[in-house]
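Our numbering puts the first residue of the sequence shown at 4, with every later residue one more than the last.
For every residue, glycine included, the Cβ atom is placed at its ideal position computed from N, Cα and C.
Everything numeric in this text was worked out from a predicted model, so none of it was measured.
Comments concern the structure below.
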Amino acid sequence: MRKTDIELINEILNGNHVLFEEIVDRYQSSVFVIALGFVQNKEDAEDIAQEVMVNIFCNLNKFKGDSLFSTWVYRIAVNGSLDFLKKNKNNPAKRGNTLESEKMLEAVCEAYKEEGKSVGSLITKDNLRLFSIALNSIPEKQKAAFILQKYRDLSVREISQILKVSEKAVESLLSRAKQNLQVLLKPYFKDE
Numbered sequence: 004m005r006k007t008d009i010e011l012i013n014e015i016l017n018g019n020h021v022l023f024e025e026i027v028d029r030y031q032s033s034v035f036v037i038a039l040g041f042v043q044n045k046e047d048a049e050d051i052a053q054e055v056m057v058n059i060f061c062n063l064n065k066f067k068g069d070s071l072f073s074t075w076v077y078r079i080a081v082n083g084s085l086d087f088l089k090k091n092k093n094n095p096a097k098r099g100n101t102l103e104s105e106k107m108l109e110a111v112c113e114a115y116k117e118e119g120k121s122v123g124s125l126i127t128k129d130n131l132r133l134f135s136i137a138l139n140s141i142p143e144k145q146k147a148a149f150i151l152q153k154y155r156d157l158s159v160r161e162i163s164q165i166l167k168v169s170e171k172a173v174e175s176l177l178s179r180a181k182q183n184l185q186v187l188l189k190p191y192f193k194d195e
C-alpha cells in the first residue's frame with residue numbers, strides 16, 4: 004500500500020532516509036515543470052529541480068503540516084526558480100529567455116506524459132518562442148500564478164497557499180497575467 008506524504012515524512016525524519024526517493028519520484032517532474040516555466044531552459048530547470056529536492060530534504064523537519072505537502076514543495080520550487088532568475092539577472096544565457104523552444108516544449112510534454120496528463124492544451128511549437136518572450140515580460144507574481152495554473156493545473160486555492168496571498172489576489176494576478184500576455188502577443192496574431 005502506498006504511503007501518504009505525511010507517513011513518508013515521519014519515517015524519513017525518524018532516520019529512514021532511503022524513503023526520500025519516493026518523495027523525489029512523486030514531485031521531481033512537477034518541480035521540473037514549474038522551474039521550466041520560469042527559466043525556459045531544460046538544463047537550468049533540471050538544476051533547479053535538483054536543488055529544490057535537496058532543499059526539501061534538508062528542510063523536511065520545517066514542514067509543519069499546516070498546508071498540503073505538495074503546496075510546500077511547489078512554494079519551494081517557485082522560490083527556487085525566482086532565486087535562480089535573480090542570481091542570473093545579468094547573464095542572458097541564464098535568465099529565462101534562452102528560448103530553446105523545441106527543447107522546452109519537448110521537456111514539458113515529456114513531464115506531462117510521465118504523469119499521464121494530456122498535452123493538448125500546450126502552446127504549439129510555432130508560437131512558443133513568442134509566448135516565452137511575453138511570459139518573461141510580465142511581473143513575477145503574475146508569471147508565478149500563471150505557470151502554476153497553466154503548467155501544473157493547480158486551483159486558485161492551491162496557488163493562493165503556494166504564493167501566500169488571498170484567493171482574490173490570485174484571481175487578480177491571473178486576470179492581469181492573461182491581459183498582459185494578450186496585449187504583448189496581439190501584434191503577432193492580428194489575423195487570427
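Quiz item: Exposed or buried, residue 156, counting other C-beta atoms within 10 Å across all chains shown (16 or more means buried)?
Solution: When all chains shown are included, residue 156 counts as exposed.
Practice problem: Any chance you could list the alpha helix (DSSP H) runs of at least 4 consecutive residues sitting entirely within the segment 20-56, in chain order? | Solution: Annotation: the segment 20-56 contains the following complete segments of the alpha helix (DSSP H) (minimum length 4 residues), in chain order: 23-42.
Exercise. Give the straight-line distance between the Cα atoms of residue 177 and residue 145, rounded to the nearest whole angstrom.
Key: If I take the Cα positions, the gap works out to 6 angstroms.
Quiz item: Thinking just about the alpha-carbon of each residue, which of 167, 154, 184 and 182 is nearest to the one in residue 70?
Solution: For residue 70, the nearest C-alpha among the options comes from 167.
Self-check item: CB-CB length for residue 42 against residue 59, believed under 8 angstroms
Solution: 19 angstroms between Cβ atoms; not a contact.
Quiz item: Secondary structure at residue 165, three-state DSSP: helix, strand or coil?
Solution: Helix.
Quiz item: Would the beta-carbon of residue 162 fall within 8 angstroms of that of residue 152?
Solution: For residue 162 and residue 152, yes; Cβs fall inside 8 angstroms.
Quiz item: To the nearest angstrom, how far is it from the Cα of residue 81 to the Cα of residue 67?
Solution: When rounded, the distance between both Cα atoms is 19 angstroms.
Quiz item: Hey, quick one: how far does the alpha helix (DSSP H) through residue 179 stretch, first residue to last?
Solution: Membership of residue 179 in the alpha helix (DSSP H) is indicated by the continuous run 170-188.
Exercise. Just mark residue 33 as buried or exposed, buried being the case when its beta carbon has 16 or more other beta carbons within 10 Å.
Key: Buried, by the Cβ-count rule.
Quiz item: Using the beta-carbon count (16 or more within 10 Å), is residue 140 buried or exposed?
Solution: Within a 10 Å sphere around the beta-carbon of residue 140 sit fewer than 16 other beta-carbons, which makes this residue exposed.
Quiz item: Quick one: Cα of residue 9 to Cα of residue 84, how far?
Solution: Distance from the CA atom of residue 9 to the CA atom of residue 84, rounded to whole angstroms, is 25 angstroms.
Quiz item: If you draw a straight line from the alpha carbon of residue 62 to that of residue 49, how long is it in whole angstroms?
Solution: It is roughly 20 angstroms from the alpha-carbon of residue 62 to the alpha-carbon of residue 49.
Quiz prompt | Among 37, 46, 22 and 44, nearest to residue 79 - alpha-carbon criterion | solution = The residue among 37, 46, 22 and 44 with its C-alpha nearest the C-alpha of residue 79 is 37.
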